[in-house]
Structure formats: C-alpha cells, structure tokens
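Chains A and B, in that order, give the protein sequences.
One rule links them: number in the working numbering = place in the first sequence (from 1) + 74.
One rule links them: number in the working numbering = place in the second sequence (from 1) + 74.
There are 2 protein chains.
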Amino acid sequence: MLDILGRTHDHLSANDIFVALHPSYPHLGLTTVYRTLDLLANLDLVIRFDFGDGRSRFELAEKVKGDRHHHHLICTGCRKIIDYRDFHDKEMELIEATQKKLARRYRFKISNHLMQFFGLCEQCAKRK
Amino acid sequence: MLDILGRTHDHLSANDIFVALHPSYPHLGLTTVYRTLDLLANLDLVIRFDFGDGRSRFELAEKVKGDRHHHHLICTGCRKIIDYRDFHDKEMELIEATQKKLARRYRFKISNHLMQFFGLCEQCAKRK
DNA sequence: ATATTAATGATAACGATAATCAATATCGAT
DNA sequence: ATCGATATTGATTATCGTTATCATTAATAT
Ligand SMILES: [Mn+2]
Ligand SMILES: [Mn+2]
Ligand SMILES: [Zn+2]
Ligand SMILES: [Zn+2]
Numbered sequence: 075m076l077d078i079l080g081r082t083h084d085h086l087s088a089n090d091i092f093v094a095l096h097p098s099y100p101h102l103g104l105t106t107v108y109r110t111l112d113l114l115a116n117l118d119l120v121i122r123f124d125f126g127d128g129r130s131r132f133e134l135a136e137k138v139k140g141d142r143h144h145h146h147l148i149c150t151g152c153r154k155i156i157d158y159r160d161f162h163d164k165e166m167e168l169i170e171a172t173q174k175k176l177a178r179r180y181r182f183k184i185s186n187h188l189m190q191f192f193g194l195c196e197q198c199a200k201r202k
Numbered sequence: 075m076l077d078i079l080g081r082t083h084d085h086l087s088a089n090d091i092f093v094a095l096h097p098s099y100p101h102l103g104l105t106t107v108y109r110t111l112d113l114l115a116n117l118d119l120v121i122r123f124d125f126g127d128g129r130s131r132f133e134l135a136e137k138v139k140g141d142r143h144h145h146h147l148i149c150t151g152c153r154k155i156i157d158y159r160d161f162h163d164k165e166m167e168l169i170e171a172t173q174k175k176l177a178r179r180y181r182f183k184i185s186n187h188l189m190q191f192f193g194l195c196e197q198c199a200k201r202k
C-alpha cells in the first residue's frame, strides 16, 4: 500500500488502492484497505484529503516520500488536481509564523495545515 | 435560510438548518433544504465547508454577512472549530500574491481558497 | 379560466464508510 | 510440534449523508 502510494502522483481513493492492489493480492478485502488506511493516517504515514468529490483521497506523507511540501490547486469543473511546490518565497515561513501565532493565542497544538485554491482550469474556463 | 445562517456563528449542517427552520416552516422538506443550499452555494451566497466529520457545513458568504475574511482552526479531538480573523499582517496579501502567481503559471481562474489548521485544543491536548 | 411550466417534498435509491462476526492466521508456552 | 489464547482478515450487513424520482402542488402566461 505504501508502495502503491509511493509510485504514483495521483490522489487515490480507498477503492483506487483496492483495485491497484487486486492483481497482486486477489484475496485482499476492501475492508482491510479502509482499516489499514485509517491506521496509516493515524501514524501520519499517509495523509487523508478531501477534494470535495465525496470520497477520501490519500497521499503518502511527504517525509515518507522524501518529497517537498506542496499545496493543491483544484479545478471545480473537471476535478483535476494540481500539486504545486513552487511557493511564493514567503509562503512557507508565513504559514509557520501563523501557525505559531495561532498556537499561542488559542492554546492549540497544531499538527498540520491544509491550503487549497479552487477555480477553473484553462479548458473548463473556456468551455463555460 | 440566509437569515438562520446570518444569525449564528456556528457552522451548520443541512440537517441543522432543517431543524432550525422546522418550527417556522413545519412542512418544509429536507430535500428542499439540500436543493436550496446547492443553489445558494452556486451563487456564492453561502460557502460549503468540509471539516472532516462526514457532512457538509455551511456559512453565509462573508460579503453577504458583511464580515471580515476568516480561516479555520479545527480540533481533531473534539471537532471544535475556531474562526480566526486576526491574521498575521501579511497573511492576506500573501494569499493574494500566491493566487495571482498560480493563476498565471497554471492558467487557472481562481475563485476562492481554503486554509485550515488542524490540531488539538487545550482540553484535548491535556486529555491525551 | 385553462394550459404550461416550475417548485416542492415524500419516498426510494445510491455510495462511501463503518460495524459485525465467523473464519483464519499468528504467537507463546509447553 | 501441539495446543490454547489472541489478533487479523474479509464477506456481509448496517449506517447515514446526499441525490434521484416522481406525483402533487403552486406560479405564470395566454
Ligand atoms: Mn497532492
Ligand atoms: Mn467559519
Ligand atoms: Zn478543469
Ligand atoms: Zn478539542
């Protein structure tokens, strides 16, 4: 499962993973996929995302993948998702500053953040 | 419906709204609540949020409410949600700069963004 | 007033996820 | 290796938010 998630750049659903695993593990049940995904998410080895299409999407955690942090750009027309890593220089440090400030002000122990931009990709914008 | 959403600071689910409306509109159906919510969301009069509890949550759009823009701080322990408006000075301008940059680079027509921080509130952090 | 069209809501269907539980695998001690 | 205890698995069922259907009712136009 970590392997599957490690090889792709896609954002797979539980069922996607089930299907991807099926050839190699024909007896694996969907229940176990859900269970394991929960487990891995609690261990912060995978991240669960919601992009608004009614199912959870999973990504291997950046530290596991050895990947740089990224945020998401989501087309509300065709549901295409773009990972972007080329942050504005100040983006990361600002997020950290904000995080620190919020932690202090609201006495929150912040573990992660989510930042996504919604809009229309070029094709969807044209088509409209 | 806009009225209900305008009076509260909570993040109501479709059913919450249905229940809130029931005394005044006893014959109103849940279907119509869903339908109208969809409608209002498409008109950008209300915003649909997902805080990870399996149901959509709604807020009156800031421009309708005459409210300042805010982001969310979410306790993953007790699901408490804090609206925060006291941004780091540069937070908003950074988001706008990022938005502009992304729009250009990926030819996206960005309509809105979502930024949330997840963590544990003071009580939940203690209890753990 | 009457015909046409749009809005409503009760009900059923859907789909993702969670709960159940019997079957199977794993482990520890002998 | 053998036996019993414990943990893991997956087929099946249940749950629950949301959506689709469709007959009924309300608006609107002629
Ligand atoms: Mn991604
Ligand atoms: Mn809010
Ligand atoms: Zn698109
Ligand atoms: Zn809490």
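Every residue gets a Cβ at the ideal spot worked out from N, C-alpha and C, and that includes glycine.
beta-carbon residue 146 of chain A near ligand 1 non-hydrogen atom, thresh 8 Å: yes
Cutoff 6 Å; reference residue 159 of chain B; Cβ partners in own chain excluding five residues on either side: 142 and 144
Nearest residue (CA-CA) to residue 157 of chain B, options B/111, B/172, B/192 and B/92: B/192
Any non-hydrogen atom of ligand 2 closer than 8 Å to residue 155 of chain B Cβ: yes
CA nearest to the CA of residue 171 of chain A, picked from B/177, B/171 and B/161: B/161
Amino acids of chain B, ordered along the chain, whose beta-carbon sits closer than 7 Å to that of residue 199 of chain A: 183
heavy atom of ligand 3 below 8 Å from residue 119 of chain B C-beta: no
C-alpha distance - residue 101 of chain B paired with residue 89 of chain B, whole-angstrom precision: 15 Å
Close-in-space but distant-in-sequence residues of the same chain around residue 194 of chain B (CB under 8 Å, 5 per side omitted): 149, 150, 151 and 202
Chain B residues whose Cβ lies nearer than 7 Å to that of residue 186 of chain A: 192
Closer than 9 Å at the beta carbon, the chain A residues around residue 195 of chain B: 180, 181, 182 and 183
Under 7 Å (Cβ pairs) to chain A, residues found in the segment 161-174 of chain B: 162, 164, 165, 168, 171, 172 and 173
Proximal chain B residues relative to residue 75 of chain A, where beta-carbon distance stays under 7 Å: Those do not exist, as residue 75 of chain A stays about 21 Å from chain B at its closest Cβ, beyond 7 Å.
Residue 133 of chain A vs residue 79 of chain A beta-carbon contact at 9 Å: yes
Against chain B: residues of the segment 125-149 of chain A by CB proximity under 8 Å: 126, 147 and 149
Check whether residue 188 of chain A and residue 120 of chain A have beta carbons under 9 Å apart: no
Integer-rounded CB distance, given that residue 147 of chain B should sit under 8 Å from residue 176 of chain A: 6 Å
Residue 82 of chain A versus A/117, A/190, A/104 and A/131, residue with shortest Cα-Cα distance: A/131
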